[in-house]
Structures are given as C-alpha cells and as structure tokens.
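As structure tokens, the structure follows; a few thoughts come after it.
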Amino acid sequence: QVQLVESGGGLVQAGGSLRLSCAASGRTVSRYVMGWFRQAPGKEREFVASIRWPGSTVYADSVKGRFTISRDNAKNTVYLQMNSLKPEDTAVYYCASGATTSTYNYWGQGTQVTVSS
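When we follow our numbering, the leftmost residue of the sequence shown carries the number 22, and every step to the right adds one.
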C-alpha cells in the first residue's frame with residue numbers, strides 16, 4: 022500500500038521560506054515521478070513541480086527561481102523548498118506519485134501553506 026504523508030506547512034510572512042516534506046511508504050521515490058501540486062480556495066488544483074529519474078526537474082512558471090524540488094533516496098522523502106513566498110502561494114499543497122508525469126495515481130492528504138502580506 023502506497024502512502025504519501027506531507028508535512029512542513031504553516032503560516033509565514035511574504036518573503037519568507039518554508040520547506041515541505043513528503044514521506045513515502047510502499048513506493049521508492051527514486052523510481053517514480055514525484056510531484057507537488059497546490060490548490061487555492063475557489064481555484065483548480067495546479068502543478069507546482071516534479072522530479073523524476075535520474076533527477077530531472079520541472080517547475081511551473083509561477084514558481085521558477087523561488088521553489089526547489091529535491092529528494093533524499095535514503096529517507097525515501099521528497100522536499101519542496103519554497104523561498105521568497107508570496108501571498109498568491111497560499112494554498113493546500115499536495116504530494117503525488119506516478120509512473121509518468123501524466124499519470125499521478127497516489128496522493129497525500131495535503132498540507133496548508135498560508136502567506137500573509
């Protein structure tokens with residue numbers, strides 16, 4: 022059984038930083054595509070970043086240069102380092118895993134990120 026558990030969300034002022042973690046069990050993160058998505062109130066869920074073997078990354082234009090996705094294979098954990106946060110980054114952030122970038126089939130429960138102005 023695959024489980025993804027996010028942590029690290031919280032309240033931060035604009036310009037601040039947070040690091041989200043996604044601990045995986047039942048699946049080796051280095052062998053699959055791991056992604057971060059977010060959903061703000063009243064908006065559709067949107068892609069944020071992904072990482073896949075052997076370590077290539079993709080970012081949404083809105084977060085390029087501010088967010089960094091990485092993974093620790095020994096801990097089977099994926100991270101999202103978020104710097105220079107803006108109020109528009111406020112959302113519930115979800116970790117997801119899939120065989121390809123278009124087939125995410127496992128999702129975490131989400132963690133709330135709130136950026137105050």
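From the three backbone atoms N, C-alpha and C, an ideal C-beta is built for every residue, glycine too. Source: prediction; values computed, not measured.
Looking at the secondary structure, which residues open and close the beta strand (DSSP E) in which Thr89 lies? Here residue 89 refers to the residue found at position 68 when the sequence shown is read from its first residue. Where Thr89 is concerned, the enclosing beta strand (DSSP E) stretches over Phe88 to Asp93.
Round the Cβ separation of Ala112 and Gly56 to the nearest angstrom and send it over; I've been treating them as touching at under 8 Å. The residue labelled residue 112 in the question sits at position 91 within the sequence shown. The residue labelled residue 56 in the question sits at position 35 within the sequence shown. 14 Å between Cβ atoms; not a contact.
Ser105 and Trp74: beta carbons closer than 8 Å? Position 84 of the sequence shown holds residue 105. Position 53 of the sequence shown holds residue 74. Not a contact, by the Cβ cut-off of 8 Å.
What are the boundary residues of the beta strand (DSSP E) that Val134 is part of? Along the sequence shown, one-based indexing puts residue 134 at 113. That run of the beta strand (DSSP E) goes Thr132 to Ser137.
So, at 8 Å on beta carbons, what are the nonlocal neighbours of Thr121 in its own chain, with the 5 sequence-adjacent residues on each side left out? Looking up residue 121 in the sequence shown gives position 100. Excluding residues within five positions, the ones whose Cβ falls inside 8 Å are Val54.
If you count every other CB in all the chains shown that lies within 10 Å of the CB of Thr132, and 16 or more means buried, which is it? Here residue 132 refers to the residue found at position 111 of the sequence shown. Looking at its Cβ environment, which holds 16 or more other Cβ atoms inside 10 Å, Thr132 is buried.
Do Leu25 and Val134 come within 8 Å of each other at the CB atom, strictly closer than that value? In the sequence shown, residue 134 corresponds to position 113, counting from 1. In the sequence shown, residue 25 corresponds to position 4, counting from 1. No, the Cβ-Cβ distance between Val134 and Leu25 is not below 8 Å.
Rounded to whole angstroms, how far is the Cβ of Ser42 from the Cβ of Ser28, which I believe are closer than 8 Å? Locating residue 42 in the sequence shown gives position 21, where the first residue counts as 1. Locating residue 28 in the sequence shown gives position 7, where the first residue counts as 1. Confirmed, about 5 Å.
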